[in-house]
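Visitor: Below you'll find the structure I mean.
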Amino acid sequence: MPLGRFVVLLLFVLAPLPSRGGDYLEELVRQATAKRLSQRVEWHNLLHYKRYAWRPGIRSLADDARFFNAPNGKHDPEAELIATLEAFFSDRAETDREQNPQCAFIARYQWLKQELHFDPARLPERECLRFNRWRAGLNPHAITLVFPSAYLNNPASAYGHTLLRVDAADQDDRTRLLAYAINYAAATDEDNGLIFAVRGLFGGYPGLFAIAPYYVKVSEYNDLENRDIWEYRLDFTPEEIDRLLMHVWELGPVRFDYYFFDENCSYHLLSLFEVARPTLRLTDRFRAWAIPADTVRAVVEEEGLVRDVTYRAARATVLREWQKRLPGEDVELARALAHGEATPGLDALAPEKQARTLELAYEYLEYERLAGARDGIESAQATGARLRELLLARSRLKTAPPEPVAIPSVRPDEGHGSARVDLGAGREDGRDFQEVRLRPAYHDLLDPEEGYVQGAQIEFFGTTLRRTEDDHRFRLERLDLLNITSLSPRDRLLKPLSWKVASGWVRKRFVDDDRELVFRLSGGAGVTHSPLDGMLVYALAEGAVDLADDLDDGYALGLGPGIGAVAQVGPADRVAVHARALRYGVGDDHDARDVGIRLAHAFGRRFALRLELEREREFDRAWNRAGVFVLAYF
Numbered sequence: 240m241p242l243g244r245f246v247v248l249l250l251f252v253l254a255p256l257p258s259r260g261g262d263y264l265e266e267l268v269r270q271a272t273a274k275r276l277s278q279r280v281e282w283h284n285l286l287h288y289k290r291y292a293w294r295p296g297i298r299s300l301a302d303d304a305r306f307f308n309a310p311n312g313k314h315d316p317e318a319e320l321i322a323t324l325e326a327f328f329s330d331r332a333e334t335d336r337e338q339n340p341q342c343a344f345i346a347r348y349q350w351l352k353q354e355l356h357f358d359p360a361r362l363p364e365r366e367c368l369r370f371n372r373w374r375a376g377l378n379p380h381a382i383t384l385v386f387p388s389a390y391l392n393n394p395a396s397a398y399g400h401t402l403l404r405v406d407a408a409d410q411d412d413r414t415r416l417l418a419y420a421i422n423y424a425a426a427t428d429e430d431n432g433l434i435f436a437v438r439g440l441f442g443g444y445p446g447l448f449a450i451a452p453y454y455v456k457v458s459e460y461n462d463l464e465n466r467d468i469w470e471y472r473l474d475f476t477p478e479e480i481d482r483l484l485m486h487v488w489e490l491g492p493v494r495f496d497y498y499f500f501d502e503n504c505s506y507h508l509l510s511l512f513e514v515a516r517p518t519l520r521l522t523d524r525f526r527a528w529a530i531p532a533d534t535v536r537a538v539v540e541e542e543g544l545v546r547d548v549t550y551r552a553a554r555a556t557v558l559r560e561w562q563k564r565l566p567g568e569d570v571e572l573a574r575a576l577a578h579g580e581a582t583p584g585l586d587a588l589a590p591e592k593q594a595r596t597l598e599l600a601y602e603y604l605e606y607e608r609l610a611g612a613r614d615g616i617e618s619a620q621a622t623g624a625r626l627r628e629l630l631l632a633r634s635r636l637k638t639a640p641p642e643p644v645a646i647p648s649v650r651p652d653e654g655h656g657s658a659r660v661d662l663g664a665g666r667e668d669g670r671d672f673q674e675v676r677l678r679p680a681y682h683d684l685l686d687p688e689e690g691y692v693q694g695a696q697i698e699f700f701g702t703t704l705r706r707t708e709d710d711h712r713f714r715l716e717r718l719d720l721l722n723i724t725s726l727s728p729r730d731r732l733l734k735p736l737s738w739k740v741a742s743g744w745v746r747k748r749f750v751d752d753d754r755e756l757v758f759r760l761s762g763g764a765g766v767t768h769s770p771l772d773g774m775l776v777y778a779l780a781e782g783a784v785d786l787a788d789d790l791d792d793g794y795a796l797g798l799g800p801g802i803g804a805v806a807q808v809g810p811a812d813r814v815a816v817h818a819r820a821l822r823y824g825v826g827d828d829h830d831a832r833d834v835g836i837r838l839a840h841a842f843g844r845r846f847a848l849r850l851e852l853e854r855e856r857e858f859d860r861a862w863n864r865a866g867v868f869v870l871a872y873f
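The sequence shown begins at 240 in my numbering and counts up one residue at a time.
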């Protein structure tokens with residue numbers, strides 16, 4: 240035992256008996272010390288203690304004094320254990336606002352009771368009425384890990400999200416929406432995505448656990464945000480489920496500083512699994528960052544932890560799939576039905592086609608209602624009445640229900656790893672170069688698409704180092720703080736906006752041929768179409784702001800068009816082409832154009848090979864660049 244802790248224990252033993260516990264508390268402390276309970280992984284899991292190589296000592300990730308019984312409990316597991324034992328002797332009565340410590344820290348109490356065999360005559364066990372009512376309401380039978388796919392319009396969910404569902408004993412697949420969901424998220428009303436992302440990077444928001452009906456979360460993710468949902472039913476025993484829920488009860492009011500990349504929703508859910516089953520060491524795999532899809536992959540890789548997987552398609556996914564099953568004129572008929580227009584052609588259709596058209600009309604109108612697209616066009620009562628009319632018309636047709644939407648062949652946990660390292664070499668403007676690229680997260684348009692959202696590129700902190708034949712040192716070539724592209728294809732019913740935004744530093748070639756770092760903020764908006772399965776063609780109006788001392792007035796603002804295409808051309812092959820022309824007419828006056836093609840071949844989900852060819856022109860000077868890169872995903 241370290242000398243400092245020995246002195247603390249000695250002073251405790253020699254000091255006058257505390258007011259609570261007396262001899263029996265002293266006896267329990269001696270037993271706990273002899274068994275080294277404060278060093279056990281179970282205790283560290285319950286208190287969220289972690290060690291980090293870059294920080295001396297140990298600390299709890301909890302940032303709320305209410306979570307600790309000792310003043311220095313955040314940093315001292317032994318002091319916290321002793322103070323917790325003392326707190327268990329409290330005679331505090333349970334009220335609507337307060338709990339006895341045995342109930343407030345019920346998971347700790349149950350574990351210490353198991354290890355120290357509490358004598359109920361000397362340490363009476365309190366009845367935890369509030370916890371018992373809460374648990375009875377949940378009626379827990381199983382735990383399901385839920386993964387809503389990426390949602391690019393919210394930085395907190397740009398690379399997915401995870402939450403838990405508590406499945407009740409009396410529920411089945413038809414009534415699963417009535418279950419309760421356990422969610423950890425930042426507590427904020429901030430609706431500015433950029434501000435949220437920046438503050439979230441530095442722990443600027445409190446993170447809290449909360450419980451809500453599962454149908455509320457499904458409505459939010461599936462219907463409002465149009466995110467596909469994957470449900471992974473876990474194989475926890477009844478005892479493990481009880482431990483998990485007791486710990487969730489302990490965490491109810493507790494604040495954790497929310498960090499966008501590491502101490503986020505997915506990381507803290509893994510910590511619940513470690514409390515439930517202490518042999519799991521899931522959080523140790525995510526010391527630098529915790530991408531939700533990667534945490535799901537880690538759970539699946541634990542042998543025997545996942546029992547089965549269920550897919551719940553988003554409403555937009557259903558609409559896209561159902562449109563493909565009907566000819567174009569029937570889709571237009573469904574749109575007219577949804578909007579209350581005259582549809583004389585409906586009766587001419589065969590009953591089966593009528594049914595499919597009415598189903599599509601209902602889904603489309605419900606999609607528009609949830610998105611607020613009917614607001615200002617008609618009253619909510621009128622929309623509701625037409626929805627009922629569509630349902631009634633469909634019910635008159637004695638035909639089979641529609642075939643369910645096809646389940647994607649590759650789940651999110653089966654896709655490529657979100658982190659990537661590239662090694663490559665090439666030639667630019669007559670000079671050879673070598674490059675090293677590191678991308679912590681998450682996915683770009685040429686990465687294997689299986690398991691990811693089509694047309695979605697989400698990258699954070701991508702870093703490129705380059706060495707040239709003129710300078711044998713590796714220098715920073717590019718640093719992308721963020722690089723997000725959303726190419727959502729339009730069809731007869733859905734008309735999403737495609738957009739992109741990026742910021743970071745990139746080397747720019749100036750008139751004197753110097754290549755200097757420039758801070759660039761760029762973006763664009765436009766449309767995307769999918770003329771063939773696996774192909775996206777887009778056109779965007781783009782803009783960029785460059786900031787650098789070498790620019791006239793220190794900045795340049797450019798606007799112009801950008802076009803391109805991305806396609807799957809083989810089972811493991813993808814290709815992307817682009818062309819862009821920006822006219823920098825504010826600040827430093829010049830033009831910039833670039834056109835390029837990139838090809839990628841995947842070797843499974845771990846490795847890939849890329850060829851990049853590009854021609855650029857800026858400041859009335861043109862040059863070519865070509866490179867070959869080997870990519871490793873992890």
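In this text, a Cβ means the ideal position worked out from N, Cα and C, and glycines have one as well.
What distance in whole Å lies between the Cβ atoms of Arg625 and Ala594, which are believed to be in contact at a cut-off of 8 Å?
Guide: Contact flag wrong, Cβ pair sits at about 17 Å.
Visitor: Just how far apart, CA to CA, sit Ser505 and Pro445?
Guide: 15 Å
Visitor: Sort Glu698, Gly762 and Ala381 by Cα distance to Phe476 and report the nearest one.
Guide: Correcting the residue identity first, residue 476 is Thr in this sequence and not Phe. The residue with the shortest Cα to Cα distance from Thr476 is Ala381.
Visitor: What does the Cβ neighbour count give for Gln338, buried or exposed, with the cut at 16 atoms within 10 Å?
Guide: Gln338 should be labelled buried.
Visitor: Give the DSSP bridge partners of Asp194, in chain order.
Guide: Residue coverage of the chain in this structure runs from 240 to 873, which leaves residue 194 outside it and unanswerable.
Visitor: Distance, Cα to Cα, Val692 vs Ser388?
Guide: 7 Å
Visitor: Please state the DSSP three-state secondary structure of Ile321.
Guide: In the structure shown, Ile321 sits in a helix (DSSP, three-state: H, G or I).
Visitor: Going residue by residue through the segment 574 to 618, where are the continuous alpha helix (DSSP H) segments of at least 4 residues, counting only ones entirely within it?
Guide: 590 to 610
Visitor: Take Arg780 as the anchor and find which of Gly799, Glu642, Gly824 and Ala426 has the nearest alpha-carbon.
Guide: The sequence given here has Ala at residue 780, not Arg. It is Gly799 whose Cα lies nearest to the Cα of Ala780.
Visitor: Roughly how many angstroms separate the alpha carbons of Ser648 and Glu689, rounded to a whole number?
Guide: 8 Å
Visitor: So, helix, strand or coil for Ser727, using DSSP?
Guide: coil
Visitor: Starting from Gln807, follow its DSSP beta bridges and name the residues at the other end.
Guide: Its beta-bridge partners are Arg813.
Visitor: To which residues of the same chain is Pro643 closer than 7 Å at the C-beta, ignoring the five residues directly before and after it?
Guide: Excluding residues within five positions, none has a Cβ falling inside 7 Å.
Visitor: Measuring only the C-alpha atoms, how far is Val268 from Ala426?
Guide: 38 Å
Visitor: With three or more C-beta pairs closer than 8 Å as the rule, is the segment 523 to 543 touching the segment 493 to 511?
Guide: yes
Visitor: Output yes or no for whether 8 Å exceeds the beta carbon distance between Val514 and Phe306.
Guide: The answer is no: Cβ separation not under 8 Å.
Visitor: Determine the direct distance from the alpha carbon of Leu704 to that of Val869, and round the result to whole angstroms.
Guide: 15 Å
Visitor: Classify Asn465 as buried or exposed, calling it buried when 16 or more other Cβ atoms lie within 10 Å of its own Cβ.
Guide: Classification for Asn465: buried.
Visitor: Can you say whether Leu276 is buried or exposed, counting buried as having 16 or more other CB atoms within 10 angstroms of its CB?
Guide: buried
Visitor: Between Arg845 and the rest of its own chain, which residues show a CB-CB distance below 8 Å, the 5 nearest in sequence each way excluded?
Guide: His655, Gly656, Ala871, Tyr872 and Phe873
Visitor: Please classify Ala555: does DSSP put it in a helix, a strand, or coil?
Guide: helix
Visitor: Taking Leu565 as the reference, give the member of Glu591, Tyr291, Pro687 and Thr401 with the closest Cα.
Guide: Glu591
Visitor: For Pro651, name the three-state secondary structure that DSSP assigns.
Guide: In the three-state reduction of the DSSP assignment, Pro651 falls in the helix class.
Visitor: Whole-angstrom Cβ separation of Val660 and Arg670, contact assumed at under 8 Å?
Guide: About 24 Å; that fails the 8 Å criterion.
Visitor: Buried or exposed: where does Phe386 fall if 16 or more other Cβ atoms within 10 Å of its Cβ makes it buried?
Guide: buried
Visitor: Taking one C-beta from the segment 552 to 566 and one from the segment 313 to 323 each time, how about it: are there three or more such pairs within less than 8 Å?
Guide: no
Visitor: When you compare each of Lys274, Ala326 and Leu852 to Ala865 by their alpha carbons, which one comes out closest?
Guide: Leu852
Visitor: State buried or exposed for Lys739, treating a residue as buried only when at least 16 other CB atoms are found within 10 Å of its CB.
Guide: buried
Visitor: From Ala861 to Ala820, what does the alpha carbon distance come to, in whole angstroms?
Guide: 13 Å
Visitor: Beta-carbon separation of Ile697 and Ala424 under 8 Å?
Guide: no
Visitor: Over what stretch of residues does the beta strand (DSSP E) that includes Ser657 continue unbroken?
Guide: It is not in any beta strand (DSSP E) - Ser657 carries neither H nor E in the DSSP assignment.
Visitor: Can you tell me whether DSSP reads Val644 as helix, strand or coil?
Guide: coil
Visitor: From this set, His817, Asp411 and Pro810, which residue's C-alpha is nearest Gly801's C-alpha?
Guide: His817
Visitor: CB-CB under 7 Å to Ala613, same chain, minus the five flanking residues each way: which ones, in chain order?
Guide: Note on residue identity: the sequence assigns Arg, not Ala, to residue 613. Once the five neighbours on either side are set aside, the close Cβ partners of Arg613 are Glu607 and Thr622.
Visitor: Have a look at the DSSP bridge pairing and note the partners of Lys739.
Guide: Answer by DSSP bridge pairing, in chain order: Thr724 and Gly763.
Visitor: Using three-state DSSP, classify Glu853 as helix, strand or coil.
Guide: strand
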